[in-house]
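Novice: Following our numbering, the residues of the sequence shown are numbered contiguously, the last one being 1131. Don't be surprised by glycine CBs; every beta carbon is placed ideally from N, CA and C. Here's a structure for you.
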Amino acid sequence: MTDPIQADWLLATLEDTRDALDTAIDSLSRHPEEAEEILTEEIAAAYAKLNYAVNTARCGAEGLDTMEDDELVAYPVKELPF
């Protein structure tokens, strides 16, 4: 049986993801000429934060101690049904 999702942790990490995406959207709307940099830095960071949220949804902050950094931000293949 899998561990239950830690809703408070998931909410906090998703809010962090939203903040990062909002920053990227704001940057792009203000500086469209910097789209390449925004994509490769700010949007990539938001994507990593979303992966982090999914990958740690069940283990919460404990994931920082039990998972490698690459695992924390990797695409969550095990968690998603598709």
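Taking 9 Å as the cut-off, decide whether the C-beta atoms of E1085 and S1076 are in contact.
Specialist: Not in contact: E1085 and S1076 (Cβ atoms no closer than 9 Å).
Novice: From L1055 to E1117, what distance separates their C-alpha atoms?
Specialist: A quick correction: the sequence has Gln, not Leu, at residue 1055. Cα to Cα, the separation comes out at about 20 Å.
Novice: Count the other CB atoms, across all protein chains shown, that sit within 10 Å of the CB of K1127; report buried if there are 16 or more and exposed otherwise.
Specialist: With fewer than 16 other Cβ atoms within 10 Å, it is exposed.
Novice: Quick one: what does DSSP say K1127 is sitting in, helix, strand or coil?
Specialist: It is coil, neither helix nor strand.
Novice: Once the 5 residues before and after V1122 are set aside, which same chain residues still bring their CB inside 7 Å of it?
Specialist: Around V1122: A1097, N1100, Y1101.
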